[in-house]
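Line order of the protein sequences matches chains V and U.
As numbered in this note's numbering, residues 1 to 250 make up the first sequence, in order.
As numbered in this note's numbering, residues 1001 to 1227 make up the second sequence, in order.
Even for Gly, the Cβ is constructed at its ideal location relative to N, Cα and C.
No experiment lies behind these values; they were computed from the predicted model shown.
Have a look at the structure below, then the notes.
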Amino acid sequence: MHKTDENLVVNMKKVNKWFGEFHALKDVNLSIYEGERIVVCGPSGSGKSTLIRCLNGLEKHQNGTIEVHGTVLNDNTEAVKKIRKNVGMVFQQFNLFPHLTVMENCILAPVENLHLSEAEASKLAMSFLERVQIPDQANKLPGQLSGGQQQRVAIARALCMQPRLMLFDEPTSSLDPEMIKEVLDTMVALANDGMSMICVTHELNFARRVAHRVIFMDEGKIVEDQSPKDFFENPQTDRARLFLSQILNH
Amino acid sequence: MSELLIDIFGKPHGIIIFQLVAAARFTIYLSLVAFSGGGVVASMITFLAVSPQPGLRKIAQTYIWFFQSIPLLMLLFLTGLGVPRLIGVDVNPWTAATISLVLFTSAYLAEVWRGAIAAVLPGQWEAGFALNISFVSTLKKVILPQAIRYGLAPTVGFMVQIIKGTSLAYIIGFSDLMLTGKRWANAPVLGSEPFIIFPIMAVIYFCICYPLAVLARKLEAEDLAKS
């Protein structure tokens, strides 16, 4: 992996974000390169979700600069659209469209944005549904699927836009324990294909297996940014040590 | 029709009932006009009310707040008597009643629909945006199909309010069930005393409104069964 300016996926400089009085992101600097897989962890309220939600403009940062695939994110709708075109997102609550079938969920955006016909989009969607191993559920409504299946549909739906970067916002946090594995396996497979990923998660085994870097956040700041090995074996800060001991000994 | 009613109820009641039922047509027409016109205006106001532009939302909020704060009777006076006198033109009762009821209906429906849209989980908007689907398409294809669930029952229920609301239009000379009934009640005819006429009118209003009330309740029950 070459870390040059040309293959910079995300470039955040001194990014600050407030929710009213609450200072959610404090002077965040972060560079992520093509093909990198980042796991973001930290205690709740530390700004992990806010960080990735700022990357596709679901939240607006107040100052500092965010560049995604070379486009500066600002109030300009065109810039936001250009960035979102290449950035897929998977949510904790899946956020599938409950009134549409699995297939309709997947083809809505490609038909709308890539100007594909429904037949072309369905073909594309089917290939991704096969990849997440639920092609047989294509005509069901999300409510008829298990949580794990729903989250895999959500991953397929995001992939249908053929993004260059995938954001995962606690993708397994609202799943029953026996369903976490199927979602993580899907994500690992995606990682093995070389997709750039930023993943907010507490699944530390996943971090160990696939992450190039682990970012630890606390109180809106990036406190550590290390390889998984270094982070787990040799955390630099007391805060990270405390966090790890709590999460590993529960 | 009139003969049939006279045969059944005799004079003058057969004639009275015939005239009241005939006048009730205008109550229904005015309700339909108010509902469809109000619905069109309400759609536009609702669109502004959920827009991402704070300025547009403010306009919609102000509109809703303004027309919800004015009694319908006051709107009728203003459009039927006040403004025409002010600018020196004649406005016929149909026009005045239509304008008043459209303003009144649109404000209430817009608030109901805005609420129905707000009831859809915010994650649905976010999923649409994250997939790079535009605001209008997300609204149309993702949000509205879900919002209809929340908005349908109160919308049908509100139609009952409109029908009853039209009864106020008699005050500016709109000839409907109310005006015709009041004329009979005031007429020096034996058998058309208020205690006879008003119950008949109430029954007619009830016959128009009751099916809608039942429908609203049914929709609500269906919605509960779904969730």
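- [ ] Assuming residue 95(V) contacts residue 1123(U) (C-beta within less than 8 Å), just tell me the rounded distance between them.
- [x] Taking the first residue of the first sequence as position 1, residue 95(V) is located at position 95. Taking the first residue of the second sequence as position 1, residue 1123(U) is located at position 123. The beta-carbon distance between residue 95(V) and residue 1123(U), rounded to whole angstroms, is 4 Å. This is short enough to meet the 8 Å contact definition.
Identify every residue that forms a DSSP beta bridge with residue 11(V).
-> Position 11 of the first sequence holds residue 11(V). BP columns for residue 11(V) point to 31(V) and 67(V).
Exercise. Determine which residues of the region 1114–1138 of chain U have a Cβ less than 7 Å from any Cβ of chain V, and write them out in chain order.
Key: Those residues of the region 1114–1138 of chain U that come within reach of chain V (Cβ to Cβ, closer than 7 Å) are 1123, 1124, 1126, 1127, 1129, 1130, 1131, 1132, 1133 and 1137.
Q. Looking only at C-alpha atoms, which of 219(V), 208(V) and 196(V) sits nearest to residue 228(V)?
A. Your numbering for residue 228(V) matches position 228 in the first sequence. Across the set 219(V), 208(V) and 196(V), the C-alpha of 208(V) shows the shortest separation from the C-alpha of residue 228(V).
Can you check which of these residues, 10(V), 38(V) and 13(V), is closest to residue 213(V) by C-alpha distance? Residue numbering aside, residue 213(V) sits at position 213 when the first sequence is read from its first letter. Nearest of 10(V), 38(V) and 13(V) to residue 213(V), Cα basis: 38(V).
For chain U, find out if any of its Cβ atoms is closer than 8 Å to the Cβ of residue 85(V); answer yes or no.
Here residue 85(V) refers to the residue found at position 85 when the first sequence is read from its first residue. Closer than 8 Å to some Cβ of chain U, the Cβ of residue 85(V) qualifies, so yes.
Could you check how far apart the C-beta atoms of residue 80(V) and residue 138(V) are, in whole angstroms? I think they sit under 8 Å. The sequence position of residue 80(V) within the first sequence is 80, counting from 1. The sequence position of residue 138(V) within the first sequence is 138, counting from 1. Taking 8 Å as the upper bound for CB-CB distance, residue 80(V) and residue 138(V) are not in contact here, some 31 Å apart.
Quiz item: Taking Cβ positions only, does residue 103(V) come closer than 8 Å to chain U?
Solution: As a working note, residue 103(V) is residue 103 in the first sequence. Nearest CB-CB separation between residue 103(V) and chain U: not below the 8 Å threshold.
So what does residue 41(V) bridge to, in DSSP terms? Residue 41(V) sits at position 41 when you count from the first residue of the first sequence. 216(V).
Below 8 Å on the Cβ atoms is my contact criterion, and I expect residue 1153(U) with residue 1219(U) to pass it. Report the Cβ-Cβ distance as a whole number of Å.
Numbered from 1 along the second sequence, position 153 holds the residue referred to as residue 1153(U). Numbered from 1 along the second sequence, position 219 holds the residue referred to as residue 1219(U). Yes, they are in contact, since the Cβ atoms of residue 1153(U) and residue 1219(U) sit about 4 Å apart, within 8 Å.
Mind checking if residue 1140(U) is an interface residue toward chain V, Cβ cutoff 8 Å exclusive?
On the second sequence, residue 1140(U) is found 140 positions in, with the first residue counted as 1. Not an interface residue.
* Would you mind giving the Cβ-Cβ distance between residue 1071(U) and residue 1173(U), rounded to the nearest angstrom? I have them listed as a contact below 8 Å. => Translated into the one-based positions of the second sequence, residue 1071(U) becomes position 71. Translated into the one-based positions of the second sequence, residue 1173(U) becomes position 173. Actually they are not in contact, since the Cβ atoms of residue 1071(U) and residue 1173(U) sit about 19 Å apart, beyond 8 Å.
I'd like to check one pair, residue 13(V) with residue 62(V): are the Cβ atoms closer than 8 Å? Indexing the first sequence from 1 puts residue 62(V) at position 62. Indexing the first sequence from 1 puts residue 13(V) at position 13. No; because the gap between Cβ atoms is not below 8 Å, this pair is not in contact.
Output, in chain order, the set of chain U residues within a Cβ distance shorter than 9 Å of residue 91(V). The residue you call residue 91(V) lines up with position 91 of the first sequence. Neighbours of residue 91(V) on chain U, chain order: 1123, 1126, 1127 and 1130.
**Prompt:** In chain U, which residues lie less than 8 Å from residue 161(V) when you measure between Cβ atoms?
**Reply:** Taking the first residue of the first sequence as position 1, residue 161(V) is located at position 161. The contacting residues are 1131 and 1132.
ask   = Between residue 1161(U) and chain V, is there a C-beta pair that is closer than 8 Å?
value = Taking the first residue of the second sequence as position 1, residue 1161(U) is located at position 161. Closer than 8 Å: no.
Candidates 1053(U), 1073(U) and 1047(U): which alpha carbon is nearest residue 1064(U)'s?
One-based indexing of the second sequence puts residue 1064(U) at position 64. Answer by Cα proximity: 1047(U).
Is it right to say residue 1126(U) is buried, meaning 16 or more other beta carbons lie within 10 angstroms of its own, or is it exposed?
The sequence position of residue 1126(U) within the second sequence is 126, counting from 1. By the 10 Å Cβ count, residue 1126(U) comes out buried.
- Query: In whole angstroms, what separates the C-alpha of residue 224(V) from that of residue 188(V)?
  - Reply: Along the first sequence, read from residue 1 onward, the residue named residue 224(V) stands at position 224. Along the first sequence, read from residue 1 onward, the residue named residue 188(V) stands at position 188. Their backbone Cα atoms lie some 23 Å apart in a straight line.
Given this structure, state the Cα-to-Cα distance separating residue 241(V) from residue 235(V), to the nearest angstrom. Taking the first residue of the first sequence as position 1, residue 241(V) is located at position 241. Taking the first residue of the first sequence as position 1, residue 235(V) is located at position 235. The C-alpha of residue 235(V) is placed about 6 Å away from the C-alpha of residue 241(V).
Contact set for residue 1012(U): own chain, Cβ-Cβ below 7 Å, skip 5 residues either direction: Residue numbering aside, residue 1012(U) sits at position 12 when the second sequence is read from its first letter. Annotation for residue 1012(U): 1189, 1191 and 1192 place their beta carbon closer than 7 Å to its own, counting only its chain and skipping 5 residues before and after.
| CB contact below 8 Å: residue 1146(U) versus chain V | By 1-based counting over the second sequence, the position of residue 1146(U) is 146. Yes - at least one Cβ of chain V is within 8 Å of the one on residue 1146(U).
Q.
Based on DSSP bridge pairs, tell me the residues matched to residue 88(V).
A. For the purposes of this step, residue 88(V) is identified with residue 88 of the first sequence, where counting begins at 1. BP columns for residue 88(V) point to 166(V).
Counting only C-beta atoms, is residue 296(V) closer than 8 Å to chain U at any point?
This structure gives no information on residue 296(V), because the portion of chain V shown stretches from 1 to 250.
Would you tell me roughly how many angstroms separate the C-alpha atoms of residue 1022(U) and residue 1210(U), rounded to the nearest one? One-based indexing of the second sequence puts residue 1022(U) at position 22. One-based indexing of the second sequence puts residue 1210(U) at position 210. In a straight line, the C-alpha of residue 1022(U) is about 19 Å away from that of residue 1210(U).
### Query
Residues in its own chain within less than 8 Å of residue 217(V) by CB, not counting five upstream and five downstream?
Working through the first sequence from its first residue, we reach residue 217(V) at position 217. If you ignore the 5 residues before and after residue 217(V), its C-beta comes within less than 8 Å of the C-beta of 40, 41, 42, 46, 47, 48, 51 and 223, all in its own chain and listed in chain order.
| task | Show which residues of chain U have a CB atom less than 7 Å away from the CB atom of residue 19(V). | result | Working through the first sequence from its first residue, we reach residue 19(V) at position 19. At a C-beta separation below 7 Å, residue 19(V) has no neighbours in chain U, since its nearest C-beta there lies roughly 14 Å away.
Buried or exposed, going by whether 16 or more other CB atoms sit within 10 Å of the CB of residue 1054(U)? Translated into the one-based positions of the second sequence, residue 1054(U) becomes position 54. Per the 10 Å Cβ criterion, exposed.
**Message:** With distance defined between alpha-carbon atoms, name the residue in 1164(U), 1183(U), 1171(U) and 1109(U) nearest to residue 1150(U).
**Reply:** In the second sequence, counting from the first residue as 1, residue 1150(U) sits at position 150. Answer by Cα proximity: 1109(U).
Quiz item: Going along chain U, which residues have a C-beta under 9 Å from residue 108(V)?
Solution: Reading the first sequence from its first residue, position 108 is the one you call residue 108(V). Correct list: 1128, 1131, 1133, 1137, 1141 and 1142.
- Message: Taking 8 Å as the threshold (beta carbon to beta carbon), is residue 258(V) in contact with chain U?
- Response: The question about residue 258(V) has no answer here: the residues shown for chain V are numbered 1 through 250.
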